[in-house]
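Peer 1: Let me give you the structure first, and then I'll get to my questions.
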Amino acid sequence: MSTWPDTRILDLLGIELPIIQAPMAVGTTTAMVIAASQAGALGSLPAAALSIEQLRQALSEIRQASTHPINVNFFCHQPPQPDPARDRHWKALLEPYYRELGADYDAPTPVSNREPFNEAACQVIEEFHPQVVSFHFGLPQKDLLERVKTTGAKVLSSATTVEEAIWLEQHGCDAIIAMGIEAGGHRGLFLSDDLNTQIGLFALVPQIVDAVSVPVIAAGGIGDARGIVAAFALGASAVQIGTAYLFTPEANVTPSHYHALRHAQASETALTNLFTGRPARGIVNRVMRELGPINQAAPAFPTAGGALIPLKAKDEAGFSNLWSGQALRLGKDICTYDLTRQLAEQALAKLKPN
(Lines of atoms letter the chains of each structure in order from A and count residues from 1; the text may use other names and numbers.)
(Lines give C-alpha, C1' and ligand atoms only; values in the text may rest on other atoms or scores of the structure.)
Protein backbone atom coordinates (compact mmCIF):
# COMPACT_ATOMS: atom_id res chain seq x y z
CA MET A 1 0.00 0.00 0.00
CA SER A 2 1.01 3.65 -0.33
CA THR A 3 3.14 5.33 2.30
CA TRP A 4 1.51 6.24 5.60
CA PRO A 5 2.20 9.68 7.10
CA ASP A 6 3.87 8.09 10.13
CA THR A 7 5.68 4.77 9.69
CA ARG A 8 7.26 4.43 13.14
CA ILE A 9 4.97 1.59 14.24
CA LEU A 10 5.39 -0.17 10.91
CA ASP A 11 9.17 -0.03 11.27
CA LEU A 12 9.12 -0.92 14.97
CA LEU A 13 6.81 -3.94 14.71
CA GLY A 14 7.60 -5.10 11.18
CA ILE A 15 4.02 -4.85 9.91
CA GLU A 16 2.55 -3.47 6.68
CA LEU A 17 -0.46 -1.61 8.06
CA PRO A 18 -0.70 0.64 11.16
CA ILE A 19 -3.60 -1.40 12.51
CA ILE A 20 -3.58 -3.64 15.57
CA GLN A 21 -6.40 -6.14 15.95
CA ALA A 22 -7.21 -5.80 19.64
CA PRO A 23 -6.55 -8.81 21.89
CA MET A 24 -10.11 -9.37 23.12
CA ALA A 25 -10.47 -12.23 25.58
CA VAL A 26 -14.11 -12.45 24.52
CA GLY A 27 -14.24 -12.95 20.77
CA THR A 28 -10.68 -13.39 19.54
CA THR A 29 -9.79 -16.69 17.88
CA THR A 30 -6.60 -18.00 16.33
CA ALA A 31 -8.35 -17.69 12.95
CA MET A 32 -8.86 -13.97 13.59
CA VAL A 33 -5.23 -13.46 14.61
CA ILE A 34 -4.00 -15.32 11.52
CA ALA A 35 -6.29 -13.43 9.14
CA ALA A 36 -5.42 -10.02 10.61
CA SER A 37 -1.70 -10.70 10.38
CA GLN A 38 -1.96 -12.04 6.84
CA ALA A 39 -3.80 -8.86 5.86
CA GLY A 40 -0.81 -6.82 7.05
CA ALA A 41 -2.04 -5.75 10.49
CA LEU A 42 -0.74 -6.94 13.85
CA GLY A 43 -2.82 -9.92 14.90
CA SER A 44 -3.15 -10.14 18.68
CA LEU A 45 -3.76 -13.19 20.85
CA PRO A 46 -5.26 -12.61 24.33
CA ALA A 47 -3.60 -14.93 26.84
CA ALA A 48 -5.17 -13.90 30.16
CA ALA A 49 -8.05 -16.38 29.91
CA LEU A 50 -5.92 -19.25 28.55
CA SER A 51 -4.14 -21.97 30.46
CA ILE A 52 -0.46 -22.44 29.65
CA GLU A 53 -1.36 -25.51 27.61
CA GLN A 54 -4.02 -23.59 25.68
CA LEU A 55 -1.57 -20.75 25.05
CA ARG A 56 1.01 -23.13 23.63
CA GLN A 57 -1.60 -24.76 21.42
CA ALA A 58 -2.88 -21.41 20.13
CA LEU A 59 0.61 -20.15 19.34
CA SER A 60 1.46 -23.42 17.60
CA GLU A 61 -1.63 -23.08 15.40
CA ILE A 62 -0.81 -19.48 14.53
CA ARG A 63 2.83 -20.24 13.76
CA GLN A 64 1.88 -23.13 11.50
CA ALA A 65 -0.41 -20.88 9.48
CA SER A 66 1.54 -17.62 9.34
CA THR A 67 5.04 -16.22 9.70
CA HIS A 68 3.80 -12.63 10.02
CA PRO A 69 4.41 -10.67 13.24
CA ILE A 70 1.95 -11.34 16.06
CA ASN A 71 1.24 -9.88 19.48
CA VAL A 72 0.54 -11.89 22.64
CA ASN A 73 -1.30 -9.96 25.34
CA PHE A 74 -1.25 -10.57 29.09
CA PHE A 75 -2.82 -9.07 32.19
CA CYS A 76 -0.42 -8.06 34.95
CA HIS A 77 -2.74 -7.37 37.86
CA GLN A 78 -2.06 -8.26 41.47
CA PRO A 79 -4.22 -11.22 42.56
CA PRO A 80 -6.54 -10.14 45.38
CA GLN A 81 -6.44 -11.36 48.94
CA PRO A 82 -9.31 -13.76 49.80
CA ASP A 83 -12.34 -11.94 51.21
CA PRO A 84 -15.02 -14.53 52.08
CA ALA A 85 -17.30 -11.95 53.72
CA ARG A 86 -17.37 -9.79 50.62
CA ASP A 87 -17.97 -12.85 48.46
CA ARG A 88 -20.93 -13.89 50.61
CA HIS A 89 -22.42 -10.39 50.52
CA TRP A 90 -22.11 -10.27 46.73
CA LYS A 91 -23.78 -13.63 46.28
CA ALA A 92 -26.55 -12.62 48.67
CA LEU A 93 -27.32 -9.64 46.42
CA LEU A 94 -27.75 -12.10 43.57
CA GLU A 95 -29.92 -14.55 45.54
CA PRO A 96 -33.27 -13.24 44.15
CA TYR A 97 -32.02 -14.01 40.65
CA TYR A 98 -30.98 -17.52 41.69
CA ARG A 99 -34.50 -18.13 43.05
CA GLU A 100 -36.21 -16.64 40.01
CA LEU A 101 -34.14 -18.57 37.46
CA GLY A 102 -33.98 -21.84 39.37
CA ALA A 103 -30.21 -21.81 39.90
CA ASP A 104 -28.80 -23.64 42.93
CA TYR A 105 -27.90 -20.89 45.38
CA ASP A 106 -26.50 -23.31 47.97
CA ALA A 107 -24.05 -24.97 45.57
CA PRO A 108 -20.38 -23.94 45.79
CA THR A 109 -19.72 -20.73 43.88
CA PRO A 110 -17.81 -21.35 40.65
CA VAL A 111 -14.32 -19.90 40.40
CA SER A 112 -13.75 -16.93 38.11
CA ASN A 113 -10.06 -16.33 37.55
CA ARG A 114 -7.52 -14.62 35.31
CA GLU A 115 -3.84 -15.34 35.76
CA PRO A 116 -1.39 -12.44 35.64
CA PHE A 117 1.80 -12.72 33.61
CA ASN A 118 4.07 -15.09 35.50
CA GLU A 119 7.05 -17.43 35.22
CA ALA A 120 5.17 -20.07 33.23
CA ALA A 121 3.84 -17.51 30.74
CA CYS A 122 7.30 -15.99 30.37
CA GLN A 123 8.69 -19.41 29.48
CA VAL A 124 6.14 -19.68 26.67
CA ILE A 125 7.26 -16.30 25.32
CA GLU A 126 10.86 -17.49 25.44
CA GLU A 127 9.82 -20.65 23.60
CA PHE A 128 7.79 -19.04 20.78
CA HIS A 129 9.46 -15.62 20.40
CA PRO A 130 6.42 -13.56 19.32
CA GLN A 131 7.48 -10.26 17.78
CA VAL A 132 5.30 -8.25 20.17
CA VAL A 133 4.18 -8.77 23.76
CA SER A 134 1.59 -6.40 25.21
CA PHE A 135 0.27 -5.90 28.72
CA HIS A 136 -2.86 -4.59 30.38
CA PHE A 137 -2.93 -2.97 33.85
CA GLY A 138 0.64 -1.74 33.73
CA LEU A 139 3.70 -3.95 33.36
CA PRO A 140 4.93 -7.15 35.04
CA GLN A 141 7.74 -7.26 37.56
CA LYS A 142 11.11 -6.05 36.32
CA ASP A 143 12.87 -9.42 35.96
CA LEU A 144 10.05 -10.91 33.89
CA LEU A 145 9.86 -7.82 31.69
CA GLU A 146 13.61 -7.97 31.06
CA ARG A 147 13.32 -11.60 30.03
CA VAL A 148 10.57 -10.70 27.56
CA LYS A 149 12.72 -7.95 26.06
CA THR A 150 15.69 -10.32 25.85
CA THR A 151 13.70 -12.48 23.41
CA GLY A 152 13.63 -9.51 21.03
CA ALA A 153 9.94 -8.82 21.52
CA LYS A 154 8.73 -5.23 21.40
CA VAL A 155 6.69 -4.31 24.48
CA LEU A 156 3.39 -2.42 24.42
CA SER A 157 1.01 -1.50 27.21
CA SER A 158 -2.19 0.52 27.64
CA ALA A 159 -2.36 3.97 29.20
CA THR A 160 -5.65 5.61 30.12
CA THR A 161 -4.04 8.84 31.37
CA VAL A 162 -0.99 10.92 30.51
CA GLU A 163 0.56 9.94 33.84
CA GLU A 164 0.26 6.25 32.99
CA ALA A 165 1.82 6.85 29.57
CA ILE A 166 4.83 8.60 31.11
CA TRP A 167 5.21 5.78 33.65
CA LEU A 168 5.10 3.14 30.90
CA GLU A 169 7.78 4.88 28.85
CA GLN A 170 9.98 5.25 31.92
CA HIS A 171 9.62 1.52 32.63
CA GLY A 172 10.58 0.25 29.19
CA CYS A 173 7.60 0.31 26.80
CA ASP A 174 8.53 0.54 23.12
CA ALA A 175 5.13 2.02 22.21
CA ILE A 176 2.07 3.05 24.18
CA ILE A 177 -1.58 2.29 23.53
CA ALA A 178 -3.62 5.39 24.38
CA MET A 179 -6.90 3.89 25.55
CA GLY A 180 -9.79 6.34 25.40
CA ILE A 181 -12.88 6.01 27.57
CA GLU A 182 -14.79 4.90 24.44
CA ALA A 183 -12.98 1.54 24.25
CA GLY A 184 -14.71 -1.76 24.87
CA GLY A 185 -13.56 -4.36 27.37
CA HIS A 186 -11.46 -3.78 30.47
CA ARG A 187 -10.07 -0.34 31.20
CA GLY A 188 -6.28 -0.52 31.36
CA LEU A 189 -6.02 1.89 34.29
CA PHE A 190 -3.37 1.03 36.88
CA LEU A 191 -2.12 4.19 38.62
CA SER A 192 -5.61 5.21 39.76
CA ASP A 193 -9.00 3.55 39.97
CA ASP A 194 -10.95 6.82 39.64
CA LEU A 195 -13.26 6.44 36.64
CA ASN A 196 -14.30 10.08 36.92
CA THR A 197 -10.89 11.18 35.66
CA GLN A 198 -10.75 8.86 32.65
CA ILE A 199 -10.28 10.68 29.35
CA GLY A 200 -11.83 10.49 25.88
CA LEU A 201 -9.58 9.55 22.97
CA PHE A 202 -9.62 12.95 21.25
CA ALA A 203 -8.24 14.62 24.38
CA LEU A 204 -5.98 11.75 25.41
CA VAL A 205 -3.98 11.03 22.24
CA PRO A 206 -2.41 14.44 21.57
CA GLN A 207 -1.52 14.90 25.23
CA ILE A 208 0.22 11.51 25.37
CA VAL A 209 1.95 12.21 22.05
CA ASP A 210 3.31 15.43 23.54
CA ALA A 211 4.36 13.74 26.79
CA VAL A 212 6.34 10.74 25.50
CA SER A 213 8.95 10.07 22.83
CA VAL A 214 7.82 6.55 21.83
CA PRO A 215 5.11 5.97 19.19
CA VAL A 216 1.49 6.13 20.33
CA ILE A 217 -1.32 3.80 19.26
CA ALA A 218 -4.87 5.17 19.48
CA ALA A 219 -7.56 2.84 20.85
CA GLY A 220 -11.23 3.46 21.62
CA GLY A 221 -14.17 4.37 19.43
CA ILE A 222 -12.34 3.71 16.15
CA GLY A 223 -14.50 1.65 13.83
CA ASP A 224 -13.92 2.96 10.33
CA ALA A 225 -11.48 4.87 8.12
CA ARG A 226 -12.57 8.23 9.51
CA GLY A 227 -11.41 7.20 12.97
CA ILE A 228 -8.04 6.08 11.62
CA VAL A 229 -7.54 9.41 9.83
CA ALA A 230 -8.53 11.31 12.99
CA ALA A 231 -6.04 9.29 15.05
CA PHE A 232 -3.20 10.20 12.68
CA ALA A 233 -4.27 13.85 12.76
CA LEU A 234 -3.97 13.75 16.55
CA GLY A 235 -0.42 12.43 16.35
CA ALA A 236 -0.94 8.67 16.68
CA SER A 237 1.30 6.33 14.69
CA ALA A 238 -1.27 3.52 14.53
CA VAL A 239 -4.67 2.43 15.79
CA GLN A 240 -5.93 -0.54 17.77
CA ILE A 241 -9.39 -1.73 16.77
CA GLY A 242 -11.49 -4.21 18.70
CA THR A 243 -15.28 -4.04 18.39
CA ALA A 244 -15.26 -3.97 14.57
CA TYR A 245 -13.54 -7.37 14.60
CA LEU A 246 -16.33 -8.84 16.75
CA PHE A 247 -18.59 -8.58 13.69
CA THR A 248 -16.36 -10.86 11.61
CA PRO A 249 -17.12 -14.56 11.07
CA GLU A 250 -13.80 -15.38 12.75
CA ALA A 251 -15.05 -13.95 16.05
CA ASN A 252 -16.20 -16.40 18.71
CA VAL A 253 -19.10 -14.67 20.47
CA THR A 254 -22.19 -16.15 22.10
CA PRO A 255 -25.58 -15.90 20.37
CA SER A 256 -26.65 -13.20 22.83
CA HIS A 257 -23.49 -11.20 22.26
CA TYR A 258 -23.87 -11.57 18.50
CA HIS A 259 -27.44 -10.26 18.66
CA ALA A 260 -26.62 -7.41 21.04
CA LEU A 261 -23.76 -6.16 18.87
CA ARG A 262 -26.08 -5.87 15.91
CA HIS A 263 -29.10 -4.36 17.65
CA ALA A 264 -27.91 -2.23 20.58
CA GLN A 265 -27.82 1.52 20.09
CA ALA A 266 -24.58 3.46 20.31
CA SER A 267 -25.71 4.91 23.64
CA GLU A 268 -26.34 1.47 25.17
CA THR A 269 -22.85 0.68 26.42
CA ALA A 270 -21.55 1.44 29.90
CA LEU A 271 -18.58 0.80 32.14
CA THR A 272 -19.33 -1.99 34.59
CA ASN A 273 -17.49 -3.91 37.31
CA LEU A 274 -20.18 -6.56 37.81
CA PHE A 275 -18.66 -9.30 35.66
CA THR A 276 -15.04 -9.32 36.84
CA GLY A 277 -14.58 -6.71 39.56
CA ARG A 278 -12.74 -4.26 37.29
CA PRO A 279 -14.42 -1.62 35.13
CA ALA A 280 -14.99 -2.74 31.55
CA ARG A 281 -17.24 -1.39 28.80
CA GLY A 282 -20.06 -3.57 27.55
CA ILE A 283 -23.59 -3.46 26.22
CA VAL A 284 -26.10 -2.78 28.99
CA ASN A 285 -28.18 -5.80 29.97
CA ARG A 286 -30.55 -6.78 32.77
CA VAL A 287 -28.09 -7.22 35.63
CA MET A 288 -26.34 -3.94 34.78
CA ARG A 289 -29.65 -2.06 34.75
CA GLU A 290 -30.97 -3.56 37.97
CA LEU A 291 -27.82 -3.58 40.14
CA GLY A 292 -26.25 -0.53 38.53
CA PRO A 293 -23.30 -0.95 36.15
CA ILE A 294 -20.82 -0.05 38.91
CA ASN A 295 -21.60 -1.70 42.23
CA GLN A 296 -19.17 -1.44 45.14
CA ALA A 297 -20.31 -4.83 46.44
CA ALA A 298 -18.70 -6.64 43.51
CA PRO A 299 -15.63 -8.60 44.70
CA ALA A 300 -12.15 -7.66 43.56
CA PHE A 301 -10.89 -8.55 40.09
CA PRO A 302 -11.00 -11.20 38.76
CA THR A 303 -13.31 -13.00 41.18
CA ALA A 304 -16.65 -11.17 40.81
CA GLY A 305 -17.84 -13.24 37.87
CA GLY A 306 -17.96 -16.56 39.69
CA ALA A 307 -21.35 -15.98 41.33
CA LEU A 308 -22.80 -14.90 37.97
CA ILE A 309 -21.85 -18.11 36.16
CA PRO A 310 -24.94 -20.13 37.26
CA LEU A 311 -27.18 -17.18 36.30
CA LYS A 312 -25.51 -16.83 32.92
CA ALA A 313 -26.23 -20.49 32.27
CA LYS A 314 -29.94 -19.77 32.79
CA ASP A 315 -30.15 -16.37 31.08
CA GLU A 316 -27.13 -15.65 28.92
CA ALA A 317 -28.35 -12.31 27.59
CA GLY A 318 -29.21 -10.92 31.00
CA PHE A 319 -26.19 -12.02 33.02
CA SER A 320 -23.18 -12.33 30.69
CA ASN A 321 -20.62 -9.70 29.80
CA LEU A 322 -21.38 -8.31 26.33
CA TRP A 323 -18.15 -6.38 25.78
CA SER A 324 -18.30 -3.60 23.21
CA GLY A 325 -16.90 -0.16 22.54
CA GLN A 326 -18.94 2.90 21.77
CA ALA A 327 -18.42 2.61 18.00
CA LEU A 328 -20.44 -0.60 17.70
CA ARG A 329 -22.88 0.90 15.20
CA LEU A 330 -20.01 1.21 12.72
CA GLY A 331 -19.58 -2.57 12.68
CA LYS A 332 -20.09 -4.50 9.44
CA ASP A 333 -20.47 -8.20 8.74
CA ILE A 334 -17.23 -8.75 6.83
CA CYS A 335 -14.35 -11.19 7.24
CA THR A 336 -11.24 -10.21 9.17
CA TYR A 337 -8.92 -10.07 6.16
CA ASP A 338 -11.28 -7.94 4.09
CA LEU A 339 -12.11 -5.66 7.02
CA THR A 340 -8.44 -4.99 7.65
CA ARG A 341 -7.60 -4.26 4.01
CA GLN A 342 -10.72 -2.16 3.54
CA LEU A 343 -10.00 -0.03 6.61
CA ALA A 344 -6.46 0.62 5.43
CA GLU A 345 -7.38 1.37 1.82
CA GLN A 346 -10.18 3.77 2.77
CA ALA A 347 -8.01 5.54 5.36
CA LEU A 348 -5.17 6.00 2.88
CA ALA A 349 -7.59 7.43 0.32
CA LYS A 350 -8.73 10.01 2.86
CA LEU A 351 -5.16 10.81 3.90
CA LYS A 352 -4.00 11.59 0.36
CA PRO A 353 -3.63 15.32 -0.28
CA ASN A 354 -6.16 16.77 -2.76
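Heads up: the sequence shown begins at 1 in the UniProt record's numbering, then just goes up one per residue. In this text, a Cβ means the ideal position worked out from N, Cα and C, and glycines have one as well. Keep in mind it's a predicted model, so treat the numbers as computed, not measured.
1. Please report how far the alpha carbon of D194 lies from the alpha carbon of I70, in whole angstroms.
2. For the candidate residues A58, L93, P23 and H68, whose alpha-carbon lies nearest to that of E290?
3. Could you tell me whether any non-hydrogen atom of the ligand HEM is closer than 8 Å to the CB of C122?
4. Please report the straight-line C-alpha distance between T340 and G242, rounded to a whole angstrom.
5. Would you mind working out which of G188, I166, N73 and G102 sits nearest K154, comparing C-alpha positions?
6. DSSP three-state call for V162: helix, strand or coil?
7. On the DSSP letters alone, give me the boundaries of the beta strand (DSSP E) that I70 sits inside.
8. Grouping DSSP H, G and I as helix and E and B as strand, with all else coil, what is F301?
9. Can you tell me which residues form a DSSP beta bridge with A178?
10. Give the single residue among A36, Q198, R278 and T150 whose Cα lies nearest to the Cα of A304.
11. Rounded to whole angstroms, what is the Cα-Cα separation between F117 and L13?
12. Rank R147, E164, V132 and E146 by C-alpha distance to the C-alpha of L156 and give the top, closest one.
13. Along the alpha helix (DSSP H) that carries G282, what are the first and last residues, could you check?
14. Which same chain residues, not among the five before or five after A31, have their C-beta less than 7 Å away from its C-beta?
15. Only counting the same chain, and skipping five residues up and downstream in sequence, which positions put a Cβ closer than 6 Å to that of residue 383?
16. Is the beta carbon of T336 less than 9 Å from the beta carbon of Q64?
17. What number of angstroms, rounded off, separates the C-alpha of A78 from the C-alpha of E119?
18. Out of F75, R56, T248 and D104, state which residue places its alpha-carbon closest to the alpha-carbon of R262.
19. Going by DSSP in three states, I208 sits in which element: helix, strand or coil?
20. Rank G184, D106, P353 and F75 by C-alpha distance to the C-alpha of Q141 and give the top, closest one.
Peer 2: In short, the structure shows the following:
1. Within the sequence shown, residue 194 is the residue found at index 194, counting from 1. Within the sequence shown, residue 70 is the residue found at index 70, counting from 1. Computed Cα separation, rounded: 32 Å.
2. Taking the first residue of the sequence shown as 1, we reach residue 290 at position 290. When only C-alpha atoms are compared, the closest one is L93.
3. Looking for the ligand HEM in the displayed structure turns up nothing, as the structure carries no ligands at all.
4. Residue 340 sits at position 340 when you count from the first residue of the sequence shown. Residue 242 sits at position 242 when you count from the first residue of the sequence shown. Each residue's Cα considered, the two are about 11 Å apart.
5. On the sequence shown, position 154 is the one that residue 154 refers to. Nearest neighbour of K154 by Cα position, chosen from G188, I166, N73 and G102, turns out to be N73.
6. If you number the sequence shown from 1, residue 162 lands on position 162. Helix.
7. On the sequence shown, position 70 is the one that residue 70 refers to. I70 to F75 is the extent of the beta strand (DSSP E) around I70.
8. For the purposes of this step, residue 301 is taken as the residue at position 301 of the sequence shown. Looking at F301 - three-state DSSP - the assignment turns out to be coil, as it is neither helix nor strand.
9. The residue labelled residue 178 in the question sits at position 178 within the sequence shown. For A178, which the question treats as bridged, DSSP gives the partners A159 and A218.
10. Sequence index remark: in the sequence shown, residue 304 carries index 304 (1-based). Nearest to A304 by alpha-carbon distance, out of A36, Q198, R278 and T150, is R278.
11. For this step, residue 117 is matched to residue 117 along the sequence shown. For this step, residue 13 is matched to residue 13 along the sequence shown. In a straight line, the C-alpha of F117 is about 21 Å away from that of L13.
12. For the purposes of this step, residue 156 is taken as the residue at position 156 of the sequence shown. Answer by Cα proximity: V132.
13. In the sequence shown, the residue the question calls residue 282 occupies position 282. For G282, there is no enclosing alpha helix (DSSP H); the residue is found in the beta strand (DSSP E) stretching over A280 to I283.
14. The residue given as residue 31 occupies position 31 in the sequence shown. In its chain, beyond the 5 residues on either side, E250 have a beta carbon closer than 7 Å to the beta carbon of A31.
15. Outside the shown range of the chain, which is 1 to 354, sits residue 383, and nothing can be said about it.
16. Mapped onto the sequence shown, residue 336 falls at position 336. Mapped onto the sequence shown, residue 64 falls at position 64. It is not a contact, given that the beta carbons lie outside the stated cut-off.
17. Looking up residue 78 in the sequence shown gives position 78. Looking up residue 119 in the sequence shown gives position 119. At residue 78 the sequence reads Gln, which differs from the Ala that was named. So the alpha carbons of these two residues sit roughly 14 Å apart.
18. Your numbering for residue 262 matches position 262 in the sequence shown. With respect to the C-alpha of R262, the residue from F75, R56, T248 and D104 having the closest C-alpha is T248.
19. What you label residue 208 is simply residue 208 of the sequence shown in a count that begins at 1. Helix, per DSSP.
20. On the sequence shown, position 141 is the one that residue 141 refers to. Checked all of G184, D106, P353 and F75; the closest Cα to Q141 is F75.
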